[in-house]
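Line by line, the protein sequences are chains U and L. Heads up, the first sequence is in our numbering, so the first residue is 7 and it goes up one at a time. Heads up, the second sequence is in our numbering, so the first residue is 137 and it goes up one at a time.
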Amino acid sequence: MSSGFHIVVCGSIVPDPLQTLEPVTDSSGPGLRNELMLPSVLDPWASHALYEASDLAKKHPDSKVWWLALGPKAKLQQLMMSVAQKVPFELVVVDGSASGFVESWEVAETLAESVESINGLDRSRLLLFGGWESASRGSCSTLQMLGERLGIHDQFQGVDELTIQTDGSMRILERVEGGKHQIAVCAGPPAVLGWATGKLPEPPNNPQVGMMNMRSVMPALQRARTTQVGAGGVTYSSVQLPEQRRNTRIVENATPDQIAQELVEWIKGR
Amino acid sequence: MTPSPDQPERQCIEADLVCVGFGPAVAGFLTTLTRSMMNDDGTPRLESKIAPGMPLQISCYERADDISFGVSGVATRARAIRESFPDFDPSQVSMAAPIEEEKLIYLLDPIGASRRSIALRIADKVLRFLRWLPQFQNEALTIPYVPSFLRKERGFVLSLGQFLQWAGSNLLGSGLVVIWPGTPVRSPILEENEVKGVRLVDQGVDKDGEPTPGYMPGMDVRAALTVVGDGPVGAVGQQLDERFGMPEGNHPTEWAVGAKMVVELKDEVSLEAGTIYHTIGFPEPEIFGFMYAHTERTVSVGIFVPSWFKSPVKTSYRYLQHWMMHPFLWKYLEGGTLRSWGAKSLQESGRRGEPFLAGDGYARIGEGSGSTNILTGSGVDEAWMTGIQLAKSVIRLLEEDKTFSKENLENTYVRLRRSSWVEAENRIAEKSRDGFSGGLLRGMFGMALTGLSKGRFNMPAPKQPGSMPTAEQYYKGKISPEEIQRVRDECKEKNLPAHDALMDQAGWPQIRFDGKLLISQQDALFLGGKVQAAPGFADHVAFLHPEFCEDCGDKVCVEICSGQAIERAPGGGVRFDREKCVHCGACFWSCTHSLDESGKTNIEFRAGSGGLHSAEN
């Protein structure tokens, strides 16, 4: 029997946070000005999951990584030109909205159908990876609901480290309050792991990995099924902007002590 | 650098075609080529030689982190773009608008700090005397006539970043081409005198290029044809020039650094999308400016600081701020918010900077191939056209089963280019700017003469073009040599460029930052340009002989650096901070220390990663 893992990483695009992101509301609901023309990045929480999955697969022969992405096909294709150079994977695409305003259960339902339709996936060896949060929604609900729909009971959130022990069990560090980790041991797959930041740096671009991935990426994009998540039936009574993170003031001739004092007061006020 | 035995091997892949850079020229090339690659029945019309039965295998490598991070506010006649997209609908491209109104504005100096010739000062006095003229408003004269060669009738205002994003998405959607962003090309692969593909930059190296634990040698991409469209300061183009030289009489001697911002105007300001203003006269007579109105109350504003502006303390950023604050422009910009900022070099020699357009295994397209028209101030459309021309030639050669030899490319691509409007108009423009090295009035008169006579008459350049003056010479009569030395010493101690302090001394008022539009250069770097530098890459700016830098007096590279990435170093030399570099390339052509007769300077501008990270430029 193979000891390798079948790892499905769920993750999609978010607008590049370095661009000018201006919230607008139009007839289709809340969004960003010129959203389709903004460059996108892989959701940073999901990217940690992808890099950890690749690292795990590399260490355990006969493992395989699928990356399951629900998002606008054209934007995903462009993103692939960056991410596909990072680590090897096989792409599964569902063409639909990646907006953070889509209800979590809708996303989970669509992803569950997609996981079930992956050819060659051994559910007994399945590790379902994703971000414990998303840069487009501040909750870890999607991955939990996806695990529930697939009947996976062992779920871990805020994961920073996964170690496969000699007996095949999984030792998992989950984030808890106060900068500490809770250590859990799980007998083995199937399991859901919602990753925090993990321990791995972003891999460099490897053009050869990119070329290899593109063999599966282009067909996956071409056969992507379309879904209508978040297409209707939701009315937004109010939408709140995220808290402003930068507040520029011009202060001349401030001493280092004054700057330090202001920082202390700001931290105390948090 | 020789890899040790325990280092990873250099990878190698094959492609049919490899493209260097994704700017308007390569976008035009790929758009044209991909449309001819497949038959209606889904079989390849242009079949791959390396993967028989498959369509051509094409890889395109772009240095920037995204295909939409190009820098240019564009006002274009869009003749070539319309050839590719006859029904081009600007509403499909964010920030694009049809050109509605075009004006040429002469800006007087409302401050009195600008270095104007006596003739220009007299002209200003006469204009002020005529201030009752309706064309005179806010210290500016709207010139009632825009010469036909400058007009962009039936054209469009574009953000180059957004346009390339749109064109690139179309290309990627075809599934026929892969465009890899964040992947700088280090060099051409040269065997004898034939280009056999390209080598990508090494990763996992320190700033000097030495391997670190994550070392990954740059991959070789071998291809029958290398399409070089890496712009005016591209590493591959430079190396080809070094290897093959330039055609007799050609040399890229004239440059400019263009600095620009995208500004969101305040609600009360009304400026119709598609309005374009060209400005001359201020902040210095040598500096031209532009304001292009996009959709949704956003404008691109910017200036060009040319190499023939003989100032040892030239700074595009501070001059851009003074230009924006001119009363004529400030009535629109006051209260606005910075959305984006960027800078780039422009090759302003035009056709006289044209390299060999083709050789065995390679072809040059776009700005780096000398396609920019220096008379009409147009480059994007010309670059796109050269891409179309090369694509048509490649299709023909493939259909005739011919190789990409120098001879075959000259008989197709170069011949097509020579018979096109790009060549005809660049021939006219060739000498149009010669007069500027003798001053603004002489330059403007020369441009008009060339443009109106369609190149039959030109204003000759002065017999002895001026060399770069020292700060003492430049500010003679305004700032004493002792004061200049004091400023120099103070700036050296504070590790600052000297231009701000010298401009203050010369009468330019200090910029009062408002935190929204008027912000420090460093804030513009990160709030506007969103500059990034991925780890693991070597420095791409190298000072070949550091001892020359130690002896250099004014260090123009420090003054002109758009990102303040080059600074004075302890010991008298200079040092480079890759994390601030916007890859404008102004340092390498501004360096005043020539190493040889070819014009090679003491600064080498190599292939590098990162830079501007804004999609709105």
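C-beta atoms are modelled at their ideal positions from N, C-alpha and C, and glycine is treated no differently.
Check                                                                                                                        : Outcome
Among 684(L), 732(L) and 666(L), the one whose alpha carbon lies nearest that of residue 716(L)                              : 666(L)
Best match in 258(U), 178(U), 40(U) and 90(U) for proximity to residue 210(U) [C-alpha to C-alpha]                           : 90(U)
Proximal chain U residues relative to residue 202(L), where beta-carbon distance stays under 7 Å                             : 45
Short CB-CB distance (under 8 Å) between residue 475(L) and chain U                                                          : yes
CA-to-CA distance, residue 99(U) to residue 76(U), given in whole angstroms                                                  : 6 Å
Residue 513(L): CB within 7 Å of a non-hydrogen atom of the ligand PLP                                                       : Looking at this structure, you won't find the ligand PLP or any other ligand, since it has none at all.
Rounded C-alpha distance that separates residue 141(U) from residue 46(U)                                                    : 12 Å
Cutoff 7 Å; reference residue 218(L); Cβ partners in own chain excluding five residues on either side                        : 224
Contacting residues, own chain, Cβ-Cβ under 7 Å from residue 532(L) (five flanking each side not counted)                    : 548
Under 8 Å from the C-beta of residue 649(L): neighbouring residues of chain U                                                : 256
Proximal residues, the region 81–107 of chain U versus chain L, C-beta separation under 8 Å                                  : 83, 84, 87, 88 and 91
Alpha-carbon spacing of residue 316(L) relative to residue 167(L), whole angstroms                                           : 16 Å
Limits of the beta strand (DSSP E) - the one that residue 110(L) falls within                                                : Given that chain L is displayed from residue 137 to residue 753, the structure contains no residue 110(L) and the question cannot be resolved.
Contacting residues, own chain, Cβ-Cβ under 6 Å from residue 405(L) (five flanking each side not counted)                    : 468
Residues that residue 261(U) contacts on chain L, provided the C-beta gap is smaller than 8 Å                                : Near residue 261(U) there are no residues of chain L at all, since even the closest Cβ is about 17 Å away, more than 8 Å.
Residue 553(L) to residue 151(L) span [Cα, whole Å]                                                                          : 26 Å
Three-state secondary structure (DSSP) of residue 186(U)                                                                     : strand
Contact list for residue 751(L) against chain U, beta-carbon separation under 8 Å                                            : 22, 25, 43, 44 and 45
Secondary structure, beta strand (DSSP E): runs of 3+ residues fully inside the region 195–222 of chain L                    : 209–212
Between the CA atoms of residue 631(L) and residue 307(L) - distance to the nearest angstrom                                 : 46 Å
Residue range of the unbroken alpha helix (DSSP H) whose run includes residue 218(U)                                         : 213–228
Own chain residues within Cβ distance below 7 Å of residue 180(U), not counting five before or after                         : 162, 163, 164, 165, 187, 188 and 190
Inter-stretch contact at 8 Å, needing at least 3 Cβ pairs: the region 357–365 of chain L / the region 331–340 of chain L     : yes
Residue from 208(L), 230(L) and 394(L) whose Cα sits closest to the Cα of residue 722(L)                                     : 394(L)
Helix, strand or coil at residue 572(L) according to DSSP, with G and I counted as helix                                     : helix
For residue 498(L), the residue or residues it bridges with in DSSP                                                          : 362(L) and 495(L)
Contact set for residue 517(L): own chain, Cβ-Cβ below 7 Å, skip 5 residues either direction                                 : 212, 213, 214, 215, 216 and 217
Partners in chain L for residue 216(U), counting only beta-carbon separations shorter than 7 Å                               : 316
Contact set between the region 221–248 of chain U and chain L, restricted to residues whose Cβ is under 8 Å from the partner : 224, 227 and 228
Cutoff 8 Å: residue 211(U) Cβ touching any chain L Cβ                                                                        : yes
Under 9 Å (Cβ pairs) to chain U, residues found in the region 322–356 of chain L                                             : 336, 339, 340, 350, 352, 354 and 355
Beta-carbon proximity of residue 201(U) to residue 55(U), cut-off 8 Å                                                        : yes
Chain-ordered neighbours of residue 308(L) on chain U, where CB pairs are closer than 8 Å                                    : 80, 83, 84 and 87
Proximity below 8 Å, CB of residue 636(L) to CB of residue 491(L)                                                            : no
Any chain U beta carbon closer than 8 Å to residue 301(L)                                                                    : yes
Closer than 8 Å to chain L by CB, residue 40(U)                                                                              : yes
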